[in-house]
Amino acid sequence: MDGNTDGYFLNKSTTHTKYEQGAWWQVDLGEEKNINQIIIYNRTDCCADRLSNYRVSISNKADFSTHTYQQDFHGAPNPKKSIELGANDKKGRYVRIQLLDDYYLSLAEVQVMGVNILNSLRFPEVDYSSARNDFGGLYNAPSYPNSSAFATLQTDGSITAWGDSDSGGLGAPAGSGYTKVYSNYSTFVALKADGSITAWDDSNRGGIDAPTDKNYIEIYSTATAFAALKADGSVTAWGDSGSGGSDAPAGSGYTKIYSTFGAFASLKTDGSIKAWGDSDFGGTGAPADSGYTKIYSTWAAFAVLKADGSVTAWGDSGSGGSDAPAGSGYTKIYSTGTAFAALKADGSIKAWGYSRSGGTGAPTDSGYTKIYSTDSAFAALKADGSITVWGDPGSGGIDAPAGSGYTKIYSNENAFAVLEADGSITMWGWGGADDEASGAPTDSGYTKIYSNNWSFVALKADGSITAWGGFNNGGTGAPTDSGYIKIYSTMYAFAAVKADGSITAWGSPNRGGTISTATDLNIDY
806 MDGNTDGYFL NKSTTHTKYE QGAWWQVDLG EEKNINQIII YNRTDCCADR LSNYRVSISN
866 KADFSTHTYQ QDFHGAPNPK KSIELGANDK KGRYVRIQLL DDYYLSLAEV QVMGVNILNS
926 LRFPEVDYSS ARNDFGGLYN APSYPNSSAF ATLQTDGSIT AWGDSDSGGL GAPAGSGYTK
986 VYSNYSTFVA LKADGSITAW DDSNRGGIDA PTDKNYIEIY STATAFAALK ADGSVTAWGD
1046 SGSGGSDAPA GSGYTKIYST FGAFASLKTD GSIKAWGDSD FGGTGAPADS GYTKIYSTWA
1106 AFAVLKADGS VTAWGDSGSG GSDAPAGSGY TKIYSTGTAF AALKADGSIK AWGYSRSGGT
1166 GAPTDSGYTK IYSTDSAFAA LKADGSITVW GDPGSGGIDA PAGSGYTKIY SNENAFAVLE
1226 ADGSITMWGW GGADDEASGA PTDSGYTKIY SNNWSFVALK ADGSITAWGG FNNGGTGAPT
1286 DSGYIKIYST MYAFAAVKAD GSITAWGSPN RGGTISTATD LNIDY
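Heads up, the final residue of the sequence shown is numbered 1330 in this note's numbering, and it's a clean run with no missing numbers.
Given below as structure tokens:
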């Protein structure tokens, strides 16, 4: 409720209860409110599984002796869970999150949204910048970002899209009432509150043949296919049949779906796994036992964690599908395009996969708290803010800044950019699309960095923007005014949003850098 969604405990942005049965957190809104959305942000440094079996309730009574809404969830937010309550919303004064078992309750942030407040998920659930920077590796994101088009939800749930006409920039559905938009490489799908789905654009990649029934609650994607999960845990897939668009598992009880570039893997409540899709991308070979808690991905391989922190991998051996570390105690796995790096509770790291992409060369000491990645290199951050890198020298695997005090690392395909406590920025790696790429800004006061495939943009507290990187892909042409609050990206362009809902786009004109409709899309933040 403080607006800070940082899931890293040492940044004093998360909290947890004692280890106890039914640990809970609740907020008093002061009076009965109309609530149409609740967003829960989980820890990202470790311990995400603490929030994997919980109940969300809304009530007008502080003791929750009665409730106007109640639902149980059996999958950890990664890093966030958006609960859509529909056009008719729910009324209540109190909102509670409560564990259903014995554990610590850890939370980074909870946002309770009213009917006149539109949240930051009004662009697709995953854009290129969030996929790269929020999930521990591009391929760990739950859906594949659209490469060349943007889509936005307006206040009434209608959709406006722009960018490459072959990637969803044209053909968005008419009408209103949509609550979420998802994507793969060149297609969008939109979900309504009743769980019905509409898809548009590339007919070979899921733009047609979306399911016609209702009650779907979440959608995932490979690069060219989609898989939708129902409230009962059943799965429907469509799109490129060779990349997961067919042969989804029968039955119910699945809680979450993960993907590589060309295959899906779904997790059941008992921790068993079913995989399907291209066998070269992990569509076959999943472990037959149960007890797994989380799945991670490279381009063509999966790695899974058990509750004891042991690791199993399958898929392309050159992308991390074999030679996973023995033993237990691992808490999280990060990835480049073709290598994994697993972090232990003591901050030690084991890496495997393609050696040039970070599969070898990981540091041998401990004390690391988080790992970041480009397509071919890793950067590990310690609690004191010092950085160690390894992997492809041309992708940030060498020349990390010395010293300490760095707070957050961001990446694009081949470069890293890091923030210091004073908001100054240091960059290393190959930062742009061509030899004309410009360098990072030399002043301070920046609060967040965003990226696309070739460029970076940095945002200051006053909402002003500085861009650098590939000249034709967003590294130049950023707006010169201020007041922007968030930035989204395709692979080749950026779109910056102001508090009044106006949007400015720049970058490759045909891939989202030019808005062909009115720039005021009436998005309220």
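Think of the CB as a built atom: it goes at the ideal place given N, C-alpha and C, for glycine as much as any other residue. Bear in mind that the values here come from a model prediction, so they are computed numbers and not experimental data.
Handout entry: Spatial neighbours of Gly980 in its chain, beta-carbon cut-off 7 Å, leaving aside the 5 residues before and after
Key = Ser963
Practice task
Rounded to whole angstroms, what's the CA-CA distance from Ala1185 to Ser1071? Just pull it up for me.
Solution key: 29 Å
Problem - Contact between the stretch 1107-1125 and the stretch 1142-1160 (3+ Cβ pairs under 8 Å) - result: yes
Practice task
Measure the C-alpha to C-alpha separation of Ser1057 and Ala998 and round it to an integer number of angstroms.
Solution key: 21 Å
Handout entry: Completely contained alpha helix (DSSP H) runs for the stretch 834-903, where each covers 4 or more residues
Key = none
Handout entry: Where Ile1154 falls, given that 16 or more other Cβ within 10 Å makes a residue buried
Key = buried
Handout entry: For Tyr1101, the first and last residue of its enclosing alpha helix (DSSP H)
Key = Per DSSP, Tyr1101 belongs to no alpha helix (DSSP H); it is in the beta strand (DSSP E), 1097-1102.
Exercise for the section: Give me the Cα-Cα distance between Ala1106 and Ser1064, rounded to the nearest whole angstrom. Expected result: 9 Å
Practice task
Pick helix, strand or coil for Tyr1159, following the three-state DSSP scheme.
Solution key: coil
Problem - Residues of its chain near Cys852, where Cβ-Cβ distance is below 6 Å and the 5 sequence neighbours each way are ignored - result: Ser911
Problem - Ser1039, enclosing alpha helix (DSSP H) - first and last residue - result: Premise fails: Ser1039 is in no alpha helix (DSSP H) and is neither H nor E.
Exercise for the section: Would you kindly report the start and end of the unbroken beta strand (DSSP E) that includes Tyr949? Expected result: From DSSP, Tyr949 is part of no beta strand (DSSP E); its letter is neither H nor E.
Handout entry: For Tyr826, the residue or residues it bridges with in DSSP
Key = For the record, residue 826 in the displayed sequence is Gln; it is not Tyr. Paired residue(s): Asp907.
Exercise for the section: Excluding the 5 residues preceding and the 5 following Asp907 in the sequence, name in chain order all residues of the same chain whose CB lies nearer than 6 Å to its CB. Expected result: Gln826
Exercise for the section: Check whether the stretch 928-945 touches the stretch 1275-1288, counting contact only when three or more Cβ pairs, one atom from each stretch, lie closer than 8 Å. Expected result: no
Practice task
In angstroms with no decimal places, state the Cα-to-Cα distance between Arg1316 and Thr822.
Solution key: 46 Å
Practice task
Measuring alpha carbon to alpha carbon, tell me which of Asn865, Asn1020, Ala1226, Gly1012 ends up nearest Tyr987.
Solution key: Gly1012
Practice task
Check the C-beta distance from Ile1270 over to Tyr1289 and give it rounded, since I have them as a contact under 8 Å.
Solution key: 6 Å
Handout entry: Those runs of the beta strand (DSSP E) which lie wholly inside the stretch 973-1011 and span at least 3 residues
Key = 983-988, 992-997, 1002-1006
Handout entry: Bridge partner(s) assigned by DSSP for Ile1308
Key = Val1302
Exercise for the section: With Tyr935 as the anchor, note down where its alpha helix (DSSP H) starts and where it stops. Expected result: It is worth fixing the name first, because residue 935 is Ser in this sequence and not Tyr. Note, Ser935: alpha helix (DSSP H), 933-938.
Problem - Which of helix, strand or coil DSSP assigns to Gly1047 - result: helix
Exercise for the section: Under 6 Å Cβ to Cβ from Gly1318, same chain only, skipping five residues before and after it: list those, please. Expected result: Ala1298, Ala1310, Trp1311, Gly1312
Practice task
Note down the Cα distance separating Gly767 from Trp830, rounded to an integer number of angstroms.
Solution key: Beyond the ends of the chain as shown, which are 806 and 1330, falls residue 767; an answer cannot be given.
Practice task
Label Glu889 either buried or exposed according to how many other C-beta atoms from any shown protein chain fall within 10 Å of its C-beta, with 16 as the threshold for buried.
Solution key: buried
Handout entry: Contacts around Asn945, its chain only, beta-carbon distance under 7 Å, and the 5 residues preceding and following it disregarded
Key = Tyr1101, Ser1102, Ser1140
Problem - Burial state of Thr820, where buried means 16 or more other Cβ atoms lie within 10 Å - result: exposed
Problem - Ala1055 versus Trp1273: straight-line alpha-carbon distance, rounded - result: 48 Å
Practice task
Return helix, strand or coil for Phe1276, following the three-state DSSP convention.
Solution key: helix
Exercise for the section: Have a look at the DSSP bridge pairing and note the partners of Leu815. Expected result: Note: Leu815 sits in no beta bridge, so no partner.
Problem - Where Phe1145 sits in the DSSP three-state scheme - result: strand
Handout entry: Inter-stretch contact at 8 Å, needing at least 3 Cβ pairs: the stretch 874-885 / the stretch 845-863
Key = yes
Problem - Gly1279 beta carbon near the ligand FMN (any heavy atom closer than 7 Å) - result: Among the components of this structure there are no ligands whatsoever, and the ligand FMN is therefore not found.
Practice task
Would you identify the three-state DSSP class for Gly941, choosing helix, strand or coil?
Solution key: coil
Practice task
Grab the span of the beta strand (DSSP E) containing Ile1013 for me, first residue to last.
Solution key: Note, Ile1013: premise wrong, no beta strand (DSSP E); not H, not E.
Handout entry: Among Ala1028, Phe928, Val917, nearest to Ala1301 - alpha-carbon criterion
Key = Phe928
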